[in-house]
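Take a look at the structure below.
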Amino acid sequence: MSLLSVRNLVIDYAETRALDGADLDVAPGEKVGLVGESGSGKSTLGSAVGRLLPRTARRTGGEVLVAGEPVFDLPPAGLRRLRRRQLGFVFQDPIGSLDPTMRVGAQLRLVLGRGADVSMHLERVRLDDPRVARAYPHQLSGGMAQRVAVAMAMATSPELLVADEPTAALDSQVREEVLNVVFSLAADAGTSLLWLSHDLPAVARRCDRIAVMYGGRVVEHGPAREVLGKP
Ligand code: ADP
Ligand code: ADP
116 MSLLSVRNLV
126 IDYAETRALD
136 GADLDVAPGE
146 KVGLVGESGS
156 GKSTLGSAVG
166 RLLPRTARRT
176 GGEVLVAGEP
186 VFDLPPAGLR
196 RLRRRQLGFV
206 FQDPIGSLDP
216 TMRVGAQLRL
226 VLGRGADVSM
236 HLERVRLDDP
246 RVARAYPHQL
256 SGGMAQRVAV
266 AMAMATSPEL
276 LVADEPTAAL
286 DSQVREEVLN
296 VVFSLAADAG
306 TSLLWLSHDL
316 PAVARRCDRI
326 AVMYGGRVVE
336 HGPAREVLGK
346 P
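The numbering used here applies: residue 116 is where the sequence shown begins, and numbers increase by one.
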């Protein structure tokens, strides 16, 4: 039984067909890397999982099921519940996921509920300096801000985390720290991971399975060694 099932999905922008019959399945607890060159449709597919597409995007065919629920046919309340309880998102720019006007601790508390142990959630992403909770997002380094975004996205132990190029804006050492945190939290919570990246070797090292996009479709998928053509 798939946790995420994308079936023959077609998404159009005004002049571009971004997805042209994309198919993808992610099983519970599975770590899937979605790779492909820039413009192949990764972000559109990742955003479609939570129906977080730009307003100019139109779904003109196919469907997305999360835990059997048809994301594009849910009423607003059902969609909000699905996003809040079952899905987490992390994007390339962590600042975009964070509220610039609120201290880190306050925004985590908003997601976690009153009485929550904010410092414990920050420690889980290896931010154990108490100054982090009192900081505003722009006062943090890129790597720290991304770890806060990961803590926010994973706060509710979602069933699926969609990570869209979460390290593309970071330098290589910080990159590994962020990925370590993403993978260890996902493993602890049993969260499935859909990691969008153009870094095939990085994805191959960490994921159970790789799906390759080209021209708005998933053209190949399987275990890393099969996709890479290794014996
Ligand atoms: P990737 O994440 O693999 O780079 P995208 O999903 O961002 O691919 O883009 C797929 C196609 O859709 C590309 O041709 C891109 O230019 C187009 N596209 C993406 N976002 C928009 C948008 N907001 N408006 C118009 N075209 C878009
Ligand atoms: P990525 O490949 O990492 O998704 P892009 O630079 O392709 O990043 O896209 C960044 C943003 O610009 C996204 O929000 C995307 O929807 C938008 N975008 C991408 N291509 C186009 C396009 N042709 N026209 C308008 N917006 C676009």
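C-beta: ideal position from N, C-alpha, C; glycine also.
Small disclaimer: the values here were computed from a predicted structure and weren't measured.
Looking only at its own chain, which residues have a Cβ that is under 8 Å from the Cβ of residue i, when we skip the five neighbours before and after it?
i    : result
G176 : N123, L124, V125, G136
L194 : R166, V186
A133 : I126, D127, G156, T159, A172, G331
R242 : Here the sequence assigns Leu to residue 242, which means Arg is not the residue at that position. So the list reads M259, R262, V263, A266, once near-sequence residues are dropped.
R321 : K146, G148, L294, F298, W310
L119 : L139, D140, V141, V164, V179, L180, V181, L275, S307, L309
L255 : V219, V247, V263
Tell me the DSSP secondary structure of residue i in three-state form.
i    : result
S158 : helix
G183 : coil
G151 : coil
R229 : coil
R332 : strand
R135 : Reading off the sequence, residue 135 comes out as Asp, not Arg. If DSSP states are grouped into helix, strand and coil, D135 belongs with the strands.
G118 : Reading off the sequence, residue 118 comes out as Leu, not Gly. Coil.
R174 : strand
A278 : strand
V263 : helix
S307 : strand
G258 : helix
F206 : coil
R290 : helix
L197 : helix
Return the chain-ordered list of same chain residues with a C-beta closer than 6 Å to the C-beta of residue i, the five sequence neighbours on each side being excluded.
i    : result
L168 : S162
G211 : none
M328 : G151, S155, G156, K157
L308 : K146, L276, A301
L285 : G257, G258
A339 : A319, I325
R174 : I126, F187
V333 : A137, D138, L139, A326
Sort the options by Cα distance to residue i and report the nearest one.
i    : options                : result
V296 : R132, E152, R239       : R239
L343 : P316, S299, Y329       : P316
A264 : K146, L189, R174, Q207 : Q207
D314 : L242, G148, L160       : G148
E341 : G331, T306, E145, D323 : D323
T271 : R246, L225, R321       : L225
P363 : G305, V333, V334, A326 : Limits of the chain in this structure are 116 at one end and 346 at the other, which puts residue 363 out of reach.
A283 : G203, L311, A319       : L311
R249 : A221, H336, S153, H236 : A221
Could you tell me if the beta carbon of residue i falls within a distance shorter than 7 Å of some heavy atom in ligand 1?
i    : result
G156 : yes
G211 : no
P185 : no
Y128 : yes
P281 : no
T175 : no
S153 : yes
A163 : no
T131 : yes
Less than 7 Å between C-beta atoms, sequence neighbours within five positions excluded: which residues of the same chain meet that for residue i?
i    : result
Q201 : V181, A182, P273, E274, L275
A260 : P209, I210, L213, P252
L189 : L197
A268 : G203, F204, V205, L276
E280 : Q207, L311, S312
A129 : T171
Any 3 or more C-beta pairs closer than 8 Å across the region 210-219 and the region 287-300: no
Are three or more beta carbon pairs between the region 181-188 and the region 222-236 nearer than 8 Å? no
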